[in-house]
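To start, the structure under review is shown below, and the notes come after it.
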Amino acid sequence: MVAYIFRRLILVLPTLAGIMALNFFVISLAPGGPVEQVLARVQGTDVSATERFSGGEGREVSSNQKPMPGSGTTGKYHGARGIDPEFIRELEVRFGFDKPAHERFFHMIGNFLRFDFGESFFRDVSVVSLVVEKMPVSISLGVWTTLLVYLVSIPLGVAKAVRNGSRFDLWSSTAVIIGNAVPGFLFAILLIVVFAGGRYLDWFPLRGLVSDDFDQLSLWGKILDYLWHITLPVLSMVIGGFASLTMLTKNSFLDQIHQQYVTTARAKGLAERQVLYGHVFRNAMLIVIAGFPGAFVGMLFTGALLTEVIFSLDGVGLLGFEAAINRDYPVMFGTLYFFTLLGLLMKLVEDLTYVFVDPRIDFESRDS
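In terms of the numbering used here, the sequence shown opens at residue -12 and continues consecutively.
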């Protein structure tokens, strides 16, 4: 197992470098880089993502901003007509665009290997500080969503397997198909329209994770206020995420039911409930339990992005969205690097979880 872990860790570096290179050069082809963003602001024709969603004002890049490699074009800039060329060259140097793309990329990767993600182009804080500030919101969404998805999907999947072909199985499959076909953000919009004052009821708040007077509330009041705000975002993510895990649980359970050891247990006179939950359940849950780390990372960093934007939750998803709109490359590439590295490591943890749950699995023998 040590050799397998070592090989997987060695593969992390080229995989990470390939993902970063692909994203870097794809974004290099996109118009509207940081220099053009500043030129648009100078001419008063740009509105940042933060201004669009919160009404705030974005910060102009200070003259002492530490250059941070990113992507963009170093040729003619859209909207540069009438701007002093010396000012444009100063912007290029400030953002690091006075160097070729490949030099910027290798310089960026060199900094990232030292976990030096630089500072945001349009804020006064480092990328690490921004991510740390936004992480509690995303972690809160990810934890609650993952737990509720498992609490719903496992009992439902087991019930569907035990009642396979029954009316309950058919009707519940309809809900599963709808949950699998409709994106979570559409459920989020539907919940807002129905329950957040959009058209019918006004039971839940439309935005934010807590109320403005949160600090003045009692401990019990803070808990209720937090749950009140997080209900709709979590519910939208649970509805959009329970379908695949439910079918995985059902199929895994059905596969184990037809194994020889189940027939033997029944032949010994064991009660059906003891056979199902004493023998089948433990083996069927192997693939479900082992997939928990990957499911949590998926909920944390991908599933919550649009939900945070829709409900104006100030988490990592909204931060990434604003960075993409504002072409804040240090935030874009810094968070991409960190979360890609975390995702690759969590895949290794997922494999190790398989071995922990079922010691009969041996990845070294499989690779050899």
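Using N, Cα and C, we set each Cβ at its ideal position, and we do this for glycine too. Since the model is a prediction, treat every value here as computed from it, not as a measurement.
Under a 10 Å Cβ-count criterion, His266 is classified as buried, with 16 or more other Cβ atoms of the shown protein chains found around its own Cβ. Pairing Ser153 with Thr233 gives a Cβ-Cβ distance that is not under 8 Å.
By the C-beta criterion, the region 326 to 335 is judged to be in contact with the region -2 to 8, since at least 3 inter-stretch pairs fall below 8 Å.
Secondary structure of Asp200 (DSSP, three-state): coil. Classified as exposed, His245 has fewer than 16 neighbouring CB atoms from the shown chains inside 10 Å of its CB. For the options Thr322, Asp199, Val262 and Lys147, the alpha carbon positioned closest to that of Asn238 is the one of Lys147. For Ile96, the closest C-alpha among the options Gly5, Val80 and Gly227 is that of Gly5. Taking a C-beta distance under 8 Å as the contact criterion, Ile297 and Phe172 qualify as a contact pair. Under DSSP, Ser113 forms a beta bridge with Glu106. The C-beta distance from Phe99 to Pro21 rounds to 18 Å, too long to fall under 8 Å, and the pair is not in contact. Lys121 is a Cβ neighbour of Leu306, given a cutoff of 8 Å. Ala310 sits in a helix when the DSSP states are folded into three classes.
With fewer than three CB-CB distances shorter than 8 Å, the region 111 to 120 does not count as touching the region 209 to 217.
The C-alpha of Gly83 is placed about 16 Å away from the C-alpha of Pro72. Asn151 counts as exposed, since fewer than 16 other C-beta atoms from the protein chains shown sit within 10 angstroms of its C-beta. Membership of Tyr(-9) in the alpha helix (DSSP H) is indicated by the continuous run Val(-11) to Ser15. For the options Pro220, Ala168 and Tyr316, the alpha carbon positioned closest to that of Ser15 is the one of Tyr316. By the neighbour-count criterion, in which a residue is buried when 16 or more other Cβ atoms sit within 10 angstroms of its Cβ, Pro170 is exposed. Within the region 127 to 151, there are no complete beta strand (DSSP E) runs of at least 3 residues. Ala175 and Glu90 have their C-alpha atoms roughly 43 Å apart.
For Asp242, the enclosing alpha helix (DSSP H) has its first and last residue at Leu206 to Ile244. Secondary structure of Asp338 (DSSP, three-state): helix.
Going by beta carbons, Ala8 and Phe92 fall inside the 8 Å limit. Taking 8 Å as the upper bound for CB-CB distance, Gly278 and Glu337 are in contact here, some 6 Å apart. Looking at Tyr187, Arg194, Val13 and Lys86, the one whose alpha-carbon comes closest to that of Thr294 is Arg194.
Note on geometry: alpha-carbon atoms of Ser160 and Ala282 lie some 22 Å from one another.
Around the C-beta of Leu143, 16 or more other C-beta atoms lie within 10 Å, and the residue is accordingly described as buried. Note on geometry: alpha-carbon atoms of Tyr324 and Phe11 lie some 11 Å from one another.
Within 10 angstroms of the beta-carbon of Leu300 lie 16 or more other beta-carbons, which makes it buried. Comparing alpha carbon positions, the residue from Leu196, Val181 and Val197 closest to Trp190 is Val181. Taking 8 Å as the upper bound for CB-CB distance, Ile217 and Leu196 are in contact here, some 6 Å apart.
Of the candidates Phe229, Thr133 and Asn270, the residue whose Cα lies closest to the Cα of Ile165 is Phe229. With fewer than 16 other CB atoms across the displayed protein chains lying within 10 angstroms of its CB, Glu259 is exposed.
Counting along the chain, the unbroken alpha helix (DSSP H) around Trp158 starts and ends at Arg154 to Ala168. Distance from the CA atom of Asp156 to the CA atom of Ala162, rounded to whole angstroms, is 10 Å.
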